[in-house]
Amino acid sequence: MSAKISVGEQLAILLEKVGVQSAFGVISIHNMPFLDAIGRRDKIEFICARGEAGALNMADGYARASGTLGVAFTSTGTGAGNAAGALVEASVAGTPLLHITGQVELPFLGRNCGYIHEARDQLLMLRAVSKSAYSIETEASALGVFRKAIREALTAPMGPVSVEVPIDIQHGLVESGKIEPLQVNDIVPNNEDIDELASMLERAKRPLLWVGGGARHAQPEVQKLVEMGFGVVTSIQGRGIVPEGDDCSLGAYNFYPKIEEFYQTCDAMLVVGSRLRGNETLKYKLTLPSPLYQVDVDPTLSKRPYQPVKTIIGDSKLVLSKLVAKLGNRMNIDENFWSEIKNVRQISMENLSKNFIQPYENLVSAIQASNGGDFVWVRDVTISNSTWGNRAIHIKSPKDGLHAVGGGIGQGLQMAIGAAIADRRRKVVCLVGDGGLQLNIGEMVTAAEENANITMILMNSRDYEVIKNIQDAAFEGRKFFADIKSPEFGALAESFGWSYLNLNDIGNSSRVISEAISIDGPSLVEVDMQSIGSYAKAFGGPPTR
């Protein structure tokens with residue numbers, strides 16, 4: 000007769016089998032059987048966040064930077080509710096996450112009897128913010144549900160999957176048995192569709208690829224199309240699939256005026272793994288090349304504003320691999336195509352520098368040059384990121400760029416911690432604003448506790464600057480509720496165990512950034528925007544037409 004183990008330990012063993020090396024969370028009376036098993040087995044590193052939102056964002060950053068499953072544990076009720084915003088971000092970004100949360104004991108579940116950590120219809124809440132959510136009702140069903148949740152999180156279109164487990168079931172015993180790893184199947188495209196797409200594309204002399212987050216794992220296949228002569232433009236989430244300094248690449252300058260003009264000289268665009276999001280297409284009014292083709296795993300793309308003449312449903316890596324084989328050496332590319340790409344990208348970069356980066360050019364150059372350009376670039380939502388952070392700092396790999404895709408502020412630091420845990424040997428550079436940082440400022444302690452190798456660049460304007468810009472443009476300059484009191488960040492950094500540097504003279508950017516980057520462990524550079532000045536051109540939200 001085999002020995003028995005708790006459901007808590009059963010999950011710990013399964014996570015080990017699927018290759019999980021780190022997990023994040025906040026310990027609670029309603030998840031202790033899981034965390035006790037993880038601690039006792041000592042095979043998975045557990046990062047103690049200061050809040051559930053932070054834990055989920057850390058797991059999100061870890062998953063994106065490592066290319067593996069992110070795992071986070073929260074308590075039930077309020078604890079699970081705290082994680083909701085981070086789950087929305089992971090859903091929008093398509094991050095594979097497993098969120099394990101507790102639930103009250105089965106005899107009291109759903110009876111509204113005031114049990115501690117009870118929440119009315121918690122599962123409905125989790126379903127609203129996750130790719131899917133499950134509740135475990137018996138010990139015997141636990142392993143099957145856990146396996147289904149992990150498989151679903153890792154199946155494209157990927158996303159966070161939540162599982163709630165009543166505390167009595169977590170303690171419950173099951174046969175130990177043999178726990179096997181699981182297989183995740185890709186969505187296989189129709190070969191006839193690929194034949195048809197190849198026949199259409201081979202006629203193009205100036206074909207352009209638009210690659211998004213859904214093509215991050217298809218980097219080798221994208222490169223083969225580039226070798227055939229395709230040009231490339233990326234969404235923000237697709238940055239680094241092609242190195243952004245390459246002649247073939249327009250980078251993420253996807254909606255600039257000269258880029259849109261250039262689109263009209265192209266005779267095909269193949270969109271791979273991107274939703275062509277509104278904030279990157281002038282709210283869906285950007286004129287793209289025609290004909291437009293699209294590769295996606297989501298059949299609901301027929302409801303989106305841009306409608307391609309040909310759609311292929313399938314995993315982007317599989318589709319592009321088959322497409323490369325079909326096209327072979329049949330492309331006949333305009334010999335001036337890439338030189339024009341290089342030229343129009345340069346014009347767009349100069350436009351960005353002239354109109355949006357001044358007077359912070361020295362800071363941007365110093366960041367780009369730091370550590371020989373070898374770092375993971377993580378950004379929160381700030382004016383600085385929306386203008387230059389999303390484009391001007393070149394990244395070399397799709398795992399080297401992380402940002403808050405859903406537009407929520409206050410998530411950058413936590414994602415940076417996750418990225419730093421994913422590879423402790425690499426430097427992580429994180430761009431945040433003073434308003435966003437204060438939302439989860441306690442996670443600075445988590446970073447210090449883990450000695451996370453992060454340099455955080457804090458753009459401190461002491462207000463919500465983008466809100467003021469919108470108030471100027473749309474509300475006759477009436478500025479309500481946009482000024483915020485900030486703490487003394489230097490004193491705060493010292494008390495949290497961070498190294499601190501102040502930048503109040505933009506001419507000192509190179510020295511200050513270089514010094515901060517050289518520090519092993521967490522360092523904070525506070526950029527005093529009130530001393531340096533505002534940006535040359537006011538930014539009032541995503542551009543529209």
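17 is the number that numbering that gives the first Met the number 0 gives to position 18 of the sequence shown; each next residue is one higher, with no gaps.
Glycine is no exception: its CB is placed at the ideal position from the N, C-alpha and C atoms.
Query	Result
Looking at the unbroken alpha helix (DSSP H) that takes in residue 465, where does it start and where does it end?	464-473
Using C-beta distances below 8 Å, list every residue in its chain close to residue 535, excluding the 5 sequence neighbours before and after it, in chain order.	353, 354, 355, 356, 357, 358
Using a Cβ distance threshold of 8 Å, determine whether the region 312-329 contacts the region 367-375, with at least three qualifying pairs required.	no
From residue 270 to residue 211, what distance separates their C-alpha atoms?	8 Å
At the level of alpha carbons, what is the spacing between residue 132 and residue 186?	22 Å
As a quick exercise: from 507, 539, 383, pick the residue whose alpha carbon is nearest that of residue 474.	539
I need the boundaries of the alpha helix (DSSP H) containing residue 261, first residue and last residue.	256-262
Thinking residue 68 and residue 32 are a contact (beta carbons under 8 Å), I'd like their distance in whole angstroms, please.	About 21 Å; that fails the 8 Å criterion.
Do residue 294 and residue 320 count as a contact pair if the criterion is CB distance below 7 Å?	no
When you compare the CB positions of residue 140 and residue 161, do they come within less than 7 Å of one another, or not?	no
Taking the straight line between their C-alpha atoms, what separation do you get for residue 466 and residue 276?	22 Å
If I'm right that residue 541 touches residue 278 with Cβ under 8 Å, what's the distance once you round it to whole angstroms?	4 Å
Could you compute how far the alpha carbon of residue 9 sits from the alpha carbon of residue 438?	35 Å
For the alpha helix (DSSP H) that contains residue 501, what are its first and last residues?	Looking at the DSSP string, residue 501 is not in any alpha helix (DSSP H); the run it does join, the beta strand (DSSP E), is 498-502.
Comparing alpha-carbon positions, which option in 463, 49, 258 lies nearest residue 448?	49
Work out the CA separation of residue 231 and residue 200 for me, nearest whole Å.	15 Å
List the residues that DSSP assigns as beta-bridge partners of residue 61.	DSSP lists no partner for residue 61.
Where does residue 510 sit, in a helix, a strand or coil, going by DSSP?	helix
Let me know the secondary structure DSSP gives residue 159 once reduced to three states.	strand
Please classify residue 49: does DSSP put it in a helix, a strand, or coil?	coil
Compute the distance between the beta-carbons of residue 283 and residue 304, then report whether it is under 7 Å.	yes
Using the three-state DSSP reduction, which class does residue 3 fall into: helix, strand or coil?	strand
Output needed for residue 0: all residues of its chain with C-beta closer than 8 Å, excluding positions within five of it in sequence on either side, in chain order.	Low local confidence applies: a pLDDT of 46 at residue 0 is under 50, so the model's placement there is unreliable, and no value is given.
In three-state terms, what does DSSP make of residue 459?	strand
If you check the beta carbons only, do residue 414 and residue 363 fall under 7 Å apart?	no
May I have the straight-line CA-CA distance separating residue 16 from residue 25, to the nearest angstrom?	23 Å
Whole angstroms are fine: how far does the CA of residue 527 sit from the CA of residue 37?	43 Å
Whole angstroms are fine: how far does the CA of residue 259 sit from the CA of residue 285?	7 Å
Within the chosen definition, does the region 397-406 reach the region 84-93 through at least 3 CB pairs nearer than 8 Å?	yes
Distance check for residue 100 and residue 73, CA to CA, integer angstroms please.	5 Å
Whose C-beta lies closer than 6 Å to the C-beta of residue 53 among residues of the same chain, with five residues either side of it excluded?	413, 439, 442
Along the chain, where does the alpha helix (DSSP H) that runs through residue 411 open and close?	411-421
Can you tell me which of 422, 495, 543, 7 puts its alpha carbon nearest to the alpha carbon of residue 163?	7
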